[in-house]
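A.B. asks: One structure, pasted below without further comment.
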Ligand code: PEP
Ligand code: MN
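Numbering (my numbering), first residue to last: 18 to 467.
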């Protein structure tokens, strides 16, 4: 498969994107290196399988019908350096803890999708970083964050390295999902510890006690809390499908069905900056069988979103498309209703998910941050809009970490501007720390109970 410009007559459907404008691609300095990385990736085994991908579509179809809730979360940008056993464990742990609280609050199954095992590339607002004059850091799959010219040179072999890092992560994530780590009783014990031991958690004692009672009730009814259904979880992977060479190389045609799937992750989403209808990203991802997400920002018109939804889900398959709105707390209540009305009236079934992070980024003395109150306000606005329209608020899409970082302001721990310098470790956008993420889950669960 040739990389770069190829004659039209040789372009297969899966390579039509090569003829279209592709935003946010690195300026790879050497096309031979790119070809070599592509060939290596194309020869490597897939990271996930087509049947797994289809089962995520089925789970998301439940969300689209209002029978389940989606929780998607993880780092803004994974890095090779932070890909350690403990950090992976703590991220998964936080996601599982949030999921238990939300399951209780929503009284429906929670579909768990991590931003993990592939979230190694980032869209950037400028090619050149103004502070250093160097090429911008575009994620570990492209270049190195260190501020030197050599480190910032886009290196296609980093895509191969990020495949291997993803495989290592996925191996551990799969073990955590089914090997006893995700045991419901254990996850509940962690939540009890959060409530007992942290100032942030104390507010949620009532709900933790109610969950405790629900578990006791289940046990009293004879439900075996040690059964496989309650000691393991289904945990899916996702990342932004940004680097088209990477996504194309991991796209495989399934023997049994003849259908192509992007087997770099279960769910792939298209970012706000690359969702052009005539662009390469929409074209490639419209042709693979995975569940696809698409970010929708405040500038999107209802007509444009409808067109995107039709393009990405022409067969109207429930679970195929998740529209992840990221409007900002001040805009969601006005911008979201006309979009929902337009799509629901004429378009395909979609999962409506709320990303309360990306519309709420602010600059505090040169540090990128977000305030917990804005995040919460956007989430509440999302639920209010859906309630008013009688539609299903399907899910949440969160940037979070399993550690005590100080990247987002506020929350019960009252992280202030002066605290941002303490543990500011993200390679890109500020993430909720564990306490803030759990707080968000408890607050949403409380609201769902009302
Ligand atoms: C992201 O999810 O990290 C991201 C870049 O989001 P968006 O495309 O919505 O800006
Ligand atoms: Mn981000």
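We put the CB at the ideal spot given by N, CA and C, even for glycine.
Rounding to the nearest angstrom, what Cα-Cα distance links residue 118 and residue 455 in this structure?
C.D. replies: 8 angstroms
A.B. asks: With 16 other CB atoms within 10 Å as the buried threshold, where does residue 356 fall?
C.D. replies: buried
A.B. asks: In angstroms, rounded to a whole number, what distance separates the CA positions of residue 366 and residue 164?
C.D. replies: 45 angstroms
A.B. asks: Which residues does DSSP pair with residue 385 in a beta bridge?
C.D. replies: 380
A.B. asks: Which runs of the beta strand (DSSP E) fall wholly inside the segment 113 to 155 and span at least 3 residues, in chain order?
C.D. replies: Qualifying beta strand (DSSP E) stretches, in chain order: 127 to 132.
A.B. asks: Quick check on this structure: which residue in 146, 213, 206 and 110 has the alpha carbon closest to the alpha carbon of residue 129?
C.D. replies: 110
A.B. asks: Which residues does DSSP list as the beta-bridge partners of residue 277?
C.D. replies: 270
A.B. asks: Could you tell me the alpha carbon to alpha carbon distance between residue 31 and residue 120, rounded to whole angstroms?
C.D. replies: 38 angstroms
A.B. asks: Mapping the DSSP letters down to three states, classify residue 451 as helix, strand or coil.
C.D. replies: For residue 451, the three-state secondary structure derived from DSSP is helix.
A.B. asks: Just the Cα atoms here: how many angstroms apart are residue 19 and residue 135?
C.D. replies: Confidence at residue 19 is low in this model, with a pLDDT of 45, below 50, so the placement of that residue should be treated as unreliable; the coordinate-derived value is given next. Rounded to whole angstroms, the gap between the alpha carbons of residue 19 and residue 135 is 24 angstroms.
A.B. asks: Say whether the segment 30 to 49 touches the segment 281 to 298, bearing in mind that this needs 3 or more beta-carbon pairs closer than 8 angstroms, one atom from each stretch.
C.D. replies: yes
A.B. asks: So for residue 374, helix, strand or coil by DSSP?
C.D. replies: Secondary structure of residue 374 (DSSP, three-state): coil.
A.B. asks: Using a Cβ-Cβ cut-off of 6 angstroms (strictly less than) and excluding sequence neighbours within five positions of residue 189, which residues of its own chain qualify?
C.D. replies: Closer than 6 angstroms at the Cβ level, and outside the excluded window around residue 189, lie 105.
A.B. asks: Return the CA-CA distance between residue 250 and residue 72, expressed in angstroms with no decimal places.
C.D. replies: 13 angstroms
A.B. asks: Based on the DSSP secondary-structure assignment, which residues constitute the bridge partners of residue 339?
C.D. replies: 310 and 368
A.B. asks: Quick one, are the C-beta atoms of residue 395 and residue 376 less than 9 angstroms apart?
C.D. replies: Yes, the pair counts as a contact, with Cβ atoms nearer than the cut-off.
A.B. asks: Whole angstroms are fine: how far does the CA of residue 255 sit from the CA of residue 275?
C.D. replies: Rounded to whole angstroms, the separation of the alpha carbons of residue 255 and residue 275 is 23 angstroms.
A.B. asks: In this structure, what does DSSP give as the bridge partners for residue 261?
C.D. replies: For residue 261, which the question treats as bridged, DSSP gives no partner whatsoever.
A.B. asks: Return helix, strand or coil for residue 79, following the three-state DSSP convention.
C.D. replies: Reduced to three states, the DSSP call for residue 79 is helix.
A.B. asks: What distance in whole Å lies between the Cβ atoms of residue 434 and residue 381, which are believed to be in contact at a cut-off of 8 angstroms?
C.D. replies: 5 angstroms
A.B. asks: May I ask you to list the residues that DSSP assigns as paired with residue 87?
C.D. replies: 128 and 412
A.B. asks: CA-CA distance, residue 266 and residue 299?
C.D. replies: Rounded to the nearest angstrom, the two C-alpha atoms are 16 angstroms apart.
A.B. asks: What does the Cβ neighbour count give for residue 432, buried or exposed, with the cut at 16 atoms within 10 Å?
C.D. replies: buried
A.B. asks: Which of the three DSSP states, helix, strand or coil, is assigned to residue 205?
C.D. replies: helix
A.B. asks: Check whether the Cβ atoms of residue 308 and residue 342 lie closer than 9 angstroms to each other.
C.D. replies: no
A.B. asks: Under 8 angstroms by Cβ, that's how I've got residue 418 and residue 108 pegged, so tell me the actual separation to the nearest angstrom.
C.D. replies: 6 angstroms
A.B. asks: Name the two residues that bound the continuous beta strand (DSSP E) containing residue 240.
C.D. replies: No beta strand (DSSP E) contains residue 240, which DSSP labels as neither H nor E.
A.B. asks: When you measure from the CB of residue 425 to every non-hydrogen atom of the ligand PEP, does any distance come out below 8 angstroms?
C.D. replies: no
A.B. asks: Run through DSSP, which three-state label would residue 18 get?
C.D. replies: Only weak support is given to the placement of residue 18: the predicted model assigns it a pLDDT of 43, under 50, and the value that follows is read from those uncertain coordinates. Coil.
A.B. asks: Throw me the rounded Cβ distance for the residue 285 and residue 306 pair, which I believe falls under 8 angstroms.
C.D. replies: The Cβ separation is near 11 angstroms, so there is no contact.
A.B. asks: Can you give me the start and stop residues for the beta strand (DSSP E) that residue 284 sits inside?
C.D. replies: Unbroken beta strand (DSSP E) run through residue 284: 284 to 287.
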